[in-house]
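Working notes, beginning with the structure itself.
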Amino acid sequence: MPSNNYYDVTTWPVGNPSEDIGEVMNSIIADIKARQSATNVDDGGKPGAVIYVPPGDYRLRTQVVIDVSFLKIHGSGHGFTSSSIRFNVPEDEWAGLHELWPGGSRIMVDLPLAGDIEESKGAAFYVERTGSPRISSVEFSNFCIDGLHFAPDGSAMEPENTYVNGKTGIYIASANDSFRVTGMGFVYLENAVTIYNADALSIHDNFIAECGSCIELRGWGQASKITDNLLGAGFKGHTIYAENHGGLLITANNLFPRGASSIHFSGVTRSSITNNRLHSFYPGMVIFEADSSENLVATNHFLRDHEPWTPFFGVDNGLDDLAGLLCISGSNNSLIGNHFSEIVDSQGIRPEGATPVIIRLKVGDGNYVASNHVVGKDIRATSGGSAFEAQVDALLTTNASDGLTVTAVLVDPESANNTILDSGSEAQVIADRSVNAVRALPTTAFRATRAPVTS
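In this note's numbering, the protein residues as written are 1193 to 1647.
Shown next as structure tokens:
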């Protein structure tokens, strides 16, 4: 028989989901709470519910507030398509495009935002519950959250390219357990997913791109995972950011360029970054700060090259090439078996004449750096009007370039007792050998030597 714990937003009698799906969902959640009020009935009492969003466009003018456990909101398609590409196509060409907007089960965030508001007020979905136990097992699955437009930020940049609009897709404000975000699409939001105090969180198989920041894990947390996602943040924000987390697993993600950082740890310990493909247009791809220690970074592919798309040509994250692609402030981390490709135009290196740094150990001790492979190539940077073609051309070009002199590992004086094995030639590893153990790669007559680093 049909379950009264399964809701379809298009058949619920309160509100019009096309005009304000937020009103409809809040009414459904109120009904769940009214019906499931007992905490113990036959060893149960509050099984939760499913809210289904069929394929279609649904405007959200009222924030959805979730304060019940065991709730799943799901649709029938993540609906991601690039709004950035479309907004950078001349408007007189729009008529010839197959589609203009994201699709699937699409929620259009149209909250009435004005002036300087609290960050959480711009969230489509706001999750918070105090008391004990923590709110648990809330799931978001297989629908699209679309922020629609970006806004002017006071610069000369085209407003649709600023990554600023005050909108967040999912904002989880209180301690939570076993939440899931799976198969979702997020586009044109200043912040896609912001989560505080997560335990056993799973963010898996989502398409999160063209958002100011993709995933931010704030406060503290443990035993969570970010796996098998396609992620791409804006030049002002984080692709993946975590603070004060332990046991975080970041694996098998494809991280697109343009985020100010690819992965940024602050006070994160005993966590793993493994088997990811990371692509960035700037230094500072992976940053460990605030004594992030005892972490494993292994078998990842790092590619740093230049922005090839005309609308963003010349934009950067403010870091120079001495910052390092992987920068560590922390102790007892293991950096093993990673591949680094630094494919840049030497004429654009900053400061001028510097030798780009790949791995930088800034502060801490006892870090282990072993069997990392570094490729440096000097190419002439170009830009193009097609995001797809320009990027693919840049990715596939491996010939017609000269060797680039790099510093494979730079150990600052504030970092000591580190072990660096087989991750660069004698000249490519800059470290005080009296306080660090170094075994350099052998060189041949054909291997380029390194010019002195410029500070």
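Think of the CB as a built atom: it goes at the ideal place given N, C-alpha and C, for glycine as much as any other residue.
Taking 8 Å as the cut-off, decide whether the C-beta atoms of residue 1722 and residue 1615 are in contact. Given that the chain is displayed from residue 1193 to residue 1647, the structure contains no residue 1722 and the question cannot be resolved.
Express the C-alpha separation of residue 1399 and residue 1421 in angstroms, rounding to a whole number. 6 Å
Cα-Cα separation between residue 1518 and residue 1510, rounded to whole angstroms: 16 Å
Pick helix, strand or coil for residue 1450, following the three-state DSSP scheme. DSSP, read as helix, strand or coil, puts residue 1450 in coil.
Put residue 1502 into one of helix, strand or coil per three-state DSSP. helix
Beta-carbon gap between residue 1498 and residue 1540 smaller than 8 Å: yes
By the 10 Å Cβ neighbour count, where 16 or more other Cβ atoms means buried, how is residue 1580 classified, buried or exposed? Bear in mind that a pLDDT of 49 at residue 1580, under 50, signals an unreliable position, so the number given afterwards is only what the model happens to contain. Residue 1580 comes out exposed.
Delimiting residues of the beta strand (DSSP E) encompassing residue 1300: 1297 to 1301
Taking DSSP's pairing of strands, which residues face residue 1255 in a bridge? DSSP, once it has assigned bridges, lists no residue as partnering residue 1255.
Can a CB atom of chain D be found closer than 8 Å to the CB of residue 1354? Protein chains in the displayed structure number just one, and chain D is not present.
Would you kindly report the start and end of the unbroken beta strand (DSSP E) that includes residue 1615? Where residue 1615 is concerned, the enclosing beta strand (DSSP E) stretches over 1611 to 1617.
Euclidean distance between Cα positions of residue 1544 and residue 1516: 16 Å
In the DSSP assignment, find the alpha helix (DSSP H) that holds residue 1214 and state where it starts and stops. Element bounds for residue 1214: 1209 to 1227.
Flag this pair as touching only if the stretch 1283 to 1292 and the stretch 1307 to 1317 have three or more C-beta atom pairs under 8 Å; answer yes or no. no
Since residue 1495 and residue 1466 are thought to touch, with beta carbons under 8 Å apart, how far apart are those beta carbons, to the nearest angstrom? The Cβ separation is near 17 Å, so there is no contact.
For residue 1524, which residues of its own chain have a beta-carbon under 7 Å away from its beta-carbon, when the five flanking residues on both sides are left out? 1485, 1486, 1558, 1559
Just to confirm, is the Cβ distance from residue 1336 to residue 1372 under 8 Å? no
Ignore the nearest five residues each way along the sequence and tell me which others in residue 1428's own chain have a CB closer than 7 Å to its CB. 1355, 1404, 1452
Does DSSP put residue 1628 in a helix, in a strand, or in coil? coil
In three-state terms, what does DSSP make of residue 1234? coil
Is it right to say residue 1291 is buried, meaning 16 or more other beta carbons lie within 10 angstroms of its own, or is it exposed? It counts as exposed.
Under 8 Å between C-beta atoms of residue 1301 and residue 1365: At the C-beta level, residue 1301 and residue 1365 stay beyond 8 Å of one another.
Would the stretch 1222 to 1242 and the stretch 1193 to 1212 be scored as touching if the rule is three or more Cβ pairs under 8 Å? yes
Give the DSSP-derived three-state secondary structure of residue 1371 in the structure shown. coil
C-alpha gap between residue 1217 and residue 1243, whole angstroms: 8 Å
Taking the beta carbon of residue 1630 as the centre, do at least 16 other beta carbons fall within 10 Å, making it buried, or is it exposed? Counting of Cβ neighbours within 10 angstroms places residue 1630 among the buried residues, the total reaching 16 or more.
Does DSSP classify residue 1306 as helix, strand or coil? Of the three classes helix, strand and coil, the one that applies to residue 1306 here is coil, per DSSP.
Straight-line Cα distance separating residue 1385 from residue 1625: Whole-angstrom Cα-Cα distance: 44 Å.
Taking DSSP's pairing of strands, which residues face residue 1608 in a bridge? 1557
Where do the N-terminal and C-terminal ends of the alpha helix (DSSP H) with residue 1521 fall, by residue? Residue 1521 -> not in any alpha helix (DSSP H); beta strand (DSSP E) instead, spanning 1518 to 1521.
Per DSSP, what are the beta-bridge partners of residue 1383 in this structure? 1360, 1405
CA-to-CA distance, residue 1358 to residue 1382, given in whole angstroms: Those two C-alpha atoms are separated by around 6 Å.
Inter-residue Cα distance where the pair is residue 1247 and residue 1321: 30 Å
Residues near residue 1402 in its chain [Cβ-Cβ closer than 7 Å; skip 5 each side]: The residues are 1274, 1275, 1276, 1379, 1380, 1424.
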